[in-house]
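*Asks:* Pasting in a structure now, in structure tokens, and then I'll have a few things to ask.
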Amino acid sequence: MLYTVKEIAQLANVTVKTLHHYHKIGLLIPRQISESGYRLYGQQELERLQQILFYRELDFPLKEITKLLAGESDRLSILQNQKQLLMARLRRLTRLVQTLDESIDHALKGEPMEQSAMFKGFRSEEEWEMALAEQNEHIKKTYDYDLLASKPIEVVAMNEMALEAKHFMHSMACALREGRKYDDSQVKKRIRQHIDFLNDHGTALTDADFASQARFFVQDDFHRHMLEEVQTGLSYYLCFAAEAFASDQQ
Numbered sequence: 212m213l214y215t216v217k218e219i220a221q222l223a224n225v226t227v228k229t230l231h232h233y234h235k236i237g238l239l240i241p242r243q244i245s246e247s248g249y250r251l252y253g254q255q256e257l258e259r260l261q262q263i264l265f266y267r268e269l270d271f272p273l274k275e276i277t278k279l280l281a282g283e284s285d286r287l288s289i290l291q292n293q294k295q296l297l298m299a300r301l302r303r304l305t306r307l308v309q310t311l312d313e314s315i316d317h318a319l320k321g322e323p324m325e326q327s328a329m330f331k332g333f334r335s336e337e338e339w340e341m342a343l344a345e346q347n348e349h350i351k352k353t354y355d356y357d358l359l360a361s362k363p364i365e366v367v368a369m370n371e372m373a374l375e376a377k378h379f380m381h382s383m384a385c386a387l388r389e390g391r392k393y394d395d396s397q398v399k400k401r402i403r404q405h406i407d408f409l410n411d412h413g414t415a416l417t418d419a420d421f422a423s424q425a426r427f428f429v430q431d432d433f434h435r436h437m438l439e440e441v442q443t444g445l446s447y448y449l450c451f452a453a454e455a456f457a458s459d460q461q
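The opening position of the sequence shown corresponds to residue 212 in my numbering, with each subsequent residue numbered one higher.
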């Protein structure tokens, strides 16, 4: 059975304009165009739209969704990964709603809220310490450097940096899967954006520093394996891309 763009918009609770835009950028192509010029969609397009909307709920940009779906043909794997991401967000949001309800209750009563309860649900310093524990242990053993003792954890800043790092690595993995050369203009553009983000958020980093960091990721077993789990060959691809980028800036 085929559906018109209007029917799809009603089913998925999106606008016709949104579906037209998805078609324009190649994210969701209609099954066929009728002789009258109507866009028609089938079951496969419905399934793809569902996956797109799940990624949108997770705040993935459209360009990255296009790359992610192009690199994955297994619908079940995509859905399982999306479920894990959404469940993690659900747990966090549930705790935030509880904190919000408690805050409203205290405000209605005109009572101050316990400081320790005001920030439950936001990623805490303790959670970050747990998340970084394995990496920190490796760095202490291998390089005699305590990552967590070097400076205090600033939770808001760490959350922002983690989100940017996630999106950056996804974009590099997508570029690798697409077969883009490590010195492709789009790869260089994304590296420039990433370095600028880091500098704008308090991490002083030159282009050469970033290339050195990427080389370290290849040479160090822990960090190389971490990147290779995201995408086979990613650690080497990132290293070549960073070095090519730094060389161009000289």
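For every residue, glycine included, the Cβ atom is placed at its ideal position computed from N, Cα and C.
Would you list the residues sitting across from Leu251 in a DSSP beta bridge?
*Replies:* Counting from 1 along the sequence shown, the entry for residue 251 is found at position 40. Looking at the DSSP assignment, Leu251 forms a beta bridge with Thr215, Gln243.
*Asks:* Taking the runs of the alpha helix (DSSP H) that are 4 residues or longer, which of them lie wholly in the region 417-459?
*Replies:* As far as the region 417-459 is concerned, its whole alpha helix (DSSP H) runs of at least 4 residues are 418-430, 432-441.
*Asks:* Do you know offhand how far Asp431's Cα is from Thr443's?
*Replies:* Along the sequence shown, one-based indexing puts residue 431 at 220. Along the sequence shown, one-based indexing puts residue 443 at 232. Those two C-alpha atoms are separated by around 16 angstroms.
*Asks:* Is it true that the region 434-443 meets the region 378-385, where meeting means three or more beta-carbon pairs spaced less than 8 angstroms apart?
*Replies:* Verdict: yes, contact present.
*Asks:* Considering Cα atoms alone, identify which of Ala453, Met369, Gln397, Leu269 is closest to Ala422.
*Replies:* Within the sequence shown, numbered from 1, the residue matching residue 422 stands at position 211. Selected option, being the one with the closest Cα: Ala453.
*Asks:* Determine the direct distance from the alpha carbon of Lys217 to that of Ser247, and round the result to whole angstroms.
*Replies:* Stepping through the sequence shown from its first residue, residue 247 is reached at position 36. Stepping through the sequence shown from its first residue, residue 217 is reached at position 6. So the alpha carbons of these two residues sit roughly 15 angstroms apart.
*Asks:* Here's the rule I'm using: 16 or more other beta-carbon atoms within 10 Å means buried, otherwise exposed. How should Gln293 be labelled?
*Replies:* As a working mapping, residue 293 is identified with position 82 in the sequence shown. Its Cβ being crowded by 16 or more others within 10 Å, Gln293 is buried.
*Asks:* From the DSSP output, in three-state form, read off Lys392 for me.
*Replies:* As a position in the sequence shown, residue 392 is number 181, starting the count at 1. It is coil, neither helix nor strand.
*Asks:* For the candidate residues Glu256, Leu301, Tyr214, whose alpha-carbon lies nearest to that of Glu268?
*Replies:* Translated into the one-based positions of the sequence shown, residue 268 becomes position 57. The shortest Cα separation from Glu268 among Glu256, Leu301, Tyr214 belongs to Leu301.
*Asks:* Would you mind giving the Cβ-Cβ distance between Leu213 and Leu251, rounded to the nearest angstrom? I have them listed as a contact below 8 angstroms.
*Replies:* Walking along the sequence shown from the start, residue 213 turns up at place 2. Walking along the sequence shown from the start, residue 251 turns up at place 40. The pair is a contact, with the Cβ atoms about 4 angstroms apart (cut-off 8 angstroms).
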